[in-house]
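Student:
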Amino acid sequence: MSISLKEIQAPIAQEMELFEKKFRTSMKSKVLLLDKIMSYIVKRKGKQMRPMFVFFMAKLFRGDAIGDATYRGAALIELLHTATLVHDDVVDEANYRRGFFSVNALWKNKIAVLVGDYLLSKGLLLSLQNDDYELLKIVSNAVREMSEGELLQIEKARRLDIDESVYFDIIRQKTASLIASCCAVGAASAGASKEDIEKARLFGEKVGIAFQIKDDLFDYGTAEIGKPVGIDIKEKKMTLPLIHALREADWMTRRRVIYNVKNNNGNNERVQQVIDYVKTSGGIQYTIEVMNQYHAEALAILHTFPASPSRTSLEQLIAYTIEREK
1 MSISLKEIQA PIAQEMELFE KKFRTSMKSK VLLLDKIMSY IVKRKGKQMR
51 PMFVFFMAKL FRGDAIGDAT YRGAALIELL HTATLVHDDV VDEANYRRGF
101 FSVNALWKNK IAVLVGDYLL SKGLLLSLQN DDYELLKIVS NAVREMSEGE
151 LLQIEKARRL DIDESVYFDI IRQKTASLIA SCCAVGAASA GASKEDIEKA
201 RLFGEKVGIA FQIKDDLFDY GTAEIGKPVG IDIKEKKMTL PLIHALREAD
251 WMTRRRVIYN VKNNNGNNER VQQVIDYVKT SGGIQYTIEV MNQYHAEALA
301 ILHTFPASPS RTSLEQLIAY TIEREK
């Protein structure tokens with residue numbers, strides 16, 4: 001794409017550097033084993049898009065006058081989100097996270113669960129000790145939604161009866177609620193009104209849905225990325241390209257495709273048949289159009305705020321979410 005994530009991050013480079021130091025400090029423990037695991041987690045940081053949304057949204061309301069509450073809000077999100085990832089890897093029996101060994105792979109499930117609990121408690125204490133009740137409320141609600149979304153997906157995956165409305169319920173809760181909370185926390189930490197906090201949250205939700213739809217497109221080989229093509233199909237996950245393709249299919253074709261999804265058992269030939277059908281039936285094009293619609297809706301909300309360098313940075317950040325190649 002035309003602009004890199006590093007270039008987008010440039011206006012808040014100082015804030016991100018200070019945040020890194022504060023976050024590392026918040027992760028420290030007097031227990032040697034725990035401190036070792038915390039250091040390992042910090043070193044494996046990803047794109048750091050979550051704190052970027054927090055800081056840019058805060059700057060939208062306060063200019064360059066970023067206060068301590070914004071740093072605490074970003075740390076709270078990272079702590080609680082990291083806790084959910086550690087627990088997710090235990091649930092999924094995953095040995096890798098972003099190309100590195102997962103905590104449960106290196107230190108086993110029992111320790112991983114306790115580490116997740118520790119991170120959760122650190123986040124709660126960080127907020128309570130500083131009376132950040134509004135921020136805690138926003139982020140706790142997001143964690144609840146993420147858990148509900150995950151359970152809804154597990155429940156529906158057994159029968160593969162996920163239609164478009166259920167799909168959007170799942171991704172709104174599983175993925176979009178977190179980005180929505182980043183934006184709401186950024187606004188709230190900068191002293192925005194309740195109306196503006198809700199607008200910021202809704203903006204983040206739209207961005208989060210577009211982000212997840214882009215992720216789902218990668219499963220069909222729309223870009224060369226680390227995620228193997230067809231992994232969602234192998235795991236029997238019903239995403240928007242497949243849901244649309246099945247909705248347009250005749251009864252016999254639908255039955256054949258669902259059979260291949262249910263009984264693929266990792267068989268690459270069956271998985272490829274599903275991918276080929278989705279591509280020829282217009283599932284990819286339809287999904288791209290829906291993603292672009294959410295992008296447009298996010299922009300429309302963002303443009304209700306006055307023009308500023310932070311608004312421009314947020315425009316670039318949401319463009320990145322749908323143009324990225326990994």
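In terms of the numbering used here, the sequence shown has 9 at position 9, counting the first letter as 1, and numbering is strictly consecutive.
From the three backbone atoms N, C-alpha and C, an ideal C-beta is built for every residue, glycine too.
None of these values were measured; they are calculated from a predicted model.
1. What number of angstroms, rounded off, separates the C-alpha of serine 177 from the C-alpha of glutamine 153?
2. Would the beta-carbon of valine 278 fall within 7 Å of that of alanine 249?
3. Shortest alpha-carbon distance to arginine 172 belongs to which of Val207, Ala184, Ile288 and Gln316?
4. Compute the beta-carbon to beta-carbon distance between valine 42 and alanine 74, rounded to the nearest angstrom, for a pair I have assumed lies under 8 Å.
5. Quick check: serine 189 and alanine 58, are their CB atoms within less than 7 Å of each other?
6. Please report how far the alpha carbon of lysine 234 lies from the alpha carbon of tyrosine 259, in whole angstroms.
7. Using the three-state DSSP reduction, which class does arginine 24 fall into: helix, strand or coil?
8. Please state whether DSSP places arginine 97 in a helix, a strand or coil.
9. Quick check on DSSP: helix, strand or coil for threonine 280?
10. How about the segment 110-130 and the segment 157-170: do they share at least three Cβ pairs that are nearer than 8 Å?
11. In whole angstroms, what separates the C-alpha of valine 166 from that of leucine 32?
12. Using the Cα positions of phenylalanine 203 and valine 185, report the straight-line distance between them to the nearest angstrom.
13. Could you name the residues of the same chain whose beta carbon sits closer than 6 Å to that of arginine 24, not counting the 5 residues immediately before and after it, in chain order?
14. Report the three-state DSSP secondary structure of alanine 187 (helix, strand or coil).
15. Distance check for lysine 22 and alanine 65, CA to CA, integer angstroms please.
16. Could you tell me whether the Cβ atoms of histidine 81 and alanine 210 are closer together than 7 Å?
17. By the 10 Å Cβ neighbour count, where 16 or more other Cβ atoms means buried, how is threonine 70 classified, buried or exposed?
18. So, for lysine 227: in the same chain, excluding its five sequence neighbours on each side, which residues have a beta-carbon less than 6 Å away from its beta-carbon?
19. Closest to valine 261 by CA distance: which of Leu5, Leu242 and Ile301 is it?
20. Asparagine 109 and valine 91 - do their beta-carbons sit closer together than 7 Å?
21. Give me the residue from Ile231, Glu164, Glu269 and Arg256 with the minimum Cα distance to glycine 283.
22. Tell me which residue opens and which closes the alpha helix (DSSP H) that leucine 126 is part of.
23. In the structure shown, what three-state DSSP assignment does arginine 324 receive?
Tutor: Looking at the coordinates:
1. For the purposes of this step, residue 177 is taken as residue 177 along the sequence shown, with counting starting at 1. For the purposes of this step, residue 153 is taken as residue 153 along the sequence shown, with counting starting at 1. A straight line joining the alpha-carbon of serine 177 with that of glutamine 153 spans about 15 Å.
2. Sequence index remark: in the sequence shown, residue 278 carries index 278 (1-based). Sequence index remark: in the sequence shown, residue 249 carries index 249 (1-based). Judged by beta-carbon spacing, alanine 249 lies beyond the 7 Å limit of valine 278, meaning their Cβ atoms are not closer than that value.
3. Here residue 172 is taken as the residue at index 172 of the sequence shown, counted from 1. It is Val207 whose Cα lies nearest to the Cα of arginine 172.
4. Stepping through the sequence shown from its first residue, residue 42 is reached at position 42. Stepping through the sequence shown from its first residue, residue 74 is reached at position 74. The pair is not a contact, with the Cβ atoms about 14 Å apart (cut-off 8 Å).
5. Numbered from 1 along the sequence shown, position 189 holds the residue referred to as residue 189. Numbered from 1 along the sequence shown, position 58 holds the residue referred to as residue 58. In contact: serine 189 and alanine 58 (Cβ atoms closer than 7 Å).
6. Locating residue 234 in the sequence shown gives position 234, counting from the first residue. Locating residue 259 in the sequence shown gives position 259, counting from the first residue. If you take the alpha carbons of lysine 234 and tyrosine 259, they lie about 12 Å apart.
7. For the purposes of this step, residue 24 is taken as the residue at position 24 of the sequence shown. Looking at arginine 24 - three-state DSSP - the assignment turns out to be helix.
8. Here residue 97 refers to the residue found at position 97 when the sequence shown is read from its first residue. Correct three-state label for arginine 97: strand.
9. Here residue 280 is taken as the residue at index 280 of the sequence shown, counted from 1. Helix.
10. no
11. In the sequence shown, the residue the question calls residue 166 occupies position 166. In the sequence shown, the residue the question calls residue 32 occupies position 32. Those two C-alpha atoms are separated by around 44 Å.
12. Stepping through the sequence shown from its first residue, residue 203 is reached at position 203. Stepping through the sequence shown from its first residue, residue 185 is reached at position 185. Straight across, the Cα-Cα distance linking phenylalanine 203 with valine 185 is about 12 Å.
13. The residue labelled residue 24 in the question sits at position 24 within the sequence shown. So the qualifying residues of the chain are Val42.
14. Numbered from its first residue, the sequence shown carries residue 187 at position 187. DSSP places alanine 187 in helix when its eight states are reduced to three.
15. Taking the sequence shown and counting its residues from 1, one reaches residue 65 at position 65. Taking the sequence shown and counting its residues from 1, one reaches residue 22 at position 22. Whole-angstrom Cα-Cα distance: 18 Å.
16. Working through the sequence shown from its first residue, we reach residue 81 at position 81. Working through the sequence shown from its first residue, we reach residue 210 at position 210. No, these two residues do not count as a Cβ contact at 7 Å.
17. Within the sequence shown, the letter at position 70 stands for residue 70. Taking a 10 Å sphere around the C-beta of threonine 70, we find 16 or more other C-beta atoms and assign the residue as buried.
18. Numbered from its first residue, the sequence shown carries residue 227 at position 227. For lysine 227, the predicted structure reports a pLDDT of 47, less than 50, and the residue's modelled location is therefore unreliable. A value from the coordinates is still provided. Excluding residues within five positions, the ones whose Cβ falls inside 6 Å are Phe218.
19. Taking the first residue of the sequence shown as 1, we reach residue 261 at position 261. Of the residues Leu5, Leu242 and Ile301, the one whose Cα lies closest to the Cα of valine 261 is Leu242.
20. Against the sequence shown, residue 91 aligns to sequence position 91. Against the sequence shown, residue 109 aligns to sequence position 109. Judged by their CB atoms, valine 91 and asparagine 109 are not nearer to each other than the 7 Å cut-off.
21. Within the sequence shown, numbered from 1, the residue matching residue 283 stands at position 283. The shortest C-alpha separation from glycine 283 is found at Glu164.
22. In the sequence shown, counting from the first residue as 1, residue 126 sits at position 126. Per DSSP, the unbroken alpha helix (DSSP H) holding leucine 126 starts and ends at 103-128.
23. Position 324 of the sequence shown holds residue 324. Arginine 324 falls in the coil class under three-state DSSP.
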